[in-house]
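A.B. asks: Would you mind keeping the following structure in view while I ask a few things?
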Amino acid sequence: AASDVYKRQANTAAPATTASNSVAISGMQFQPATIRVKAGEKITWTNNASMPHTVTSPNDGSLASKRLNRGSVFSHTFEQPGIYTYYCALHPSMTGTIIVE
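The opening position of the sequence shown corresponds to residue 1152 in my numbering, with each subsequent residue numbered one higher.
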């Protein structure tokens, strides 16, 4: 019976999609570099790096975080299906892709 309680608590802790909707900024990378979500879902970026970074769309301005210092968080909800690319305005070689289904 104790194992049933444990399983029930483990299943109610958080939906499985929560972790997959998180992007860590670590070193000079977005991790994961490509993330897939459903329309209407939110993605949260957390800067774990010692230097500041941004989450910026190259063309349309749909993603435009402020400068994210270590520990800062930026979130965006993707309403429309499509493929969205982004980069760090401070380090343009850092890129990422969001696939919204």
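All C-beta atoms in this analysis are idealised placements derived from N, C-alpha and C, irrespective of residue type, glycine included.
#1: Considering only residues of the same chain and omitting the five flanking positions on each side of S1223, which have a CB-CB separation below 6 angstroms?
#2: Which value, in whole angstroms, describes the spacing of the CA atoms of Q1231 and I1249?
#3: For the beta strand (DSSP E) containing M1245, list its first residue and its last residue.
#4: From the DSSP output, read off the bridge partner residues of G1178.
#5: To which residues does DSSP link E1192 through a beta bridge?
C.D. replies: Put simply:
#1: N1198
#2: 11 angstroms
#3: H1242 to V1251
#4: Note: G1178 sits in no beta bridge, so no partner.
#5: F1229
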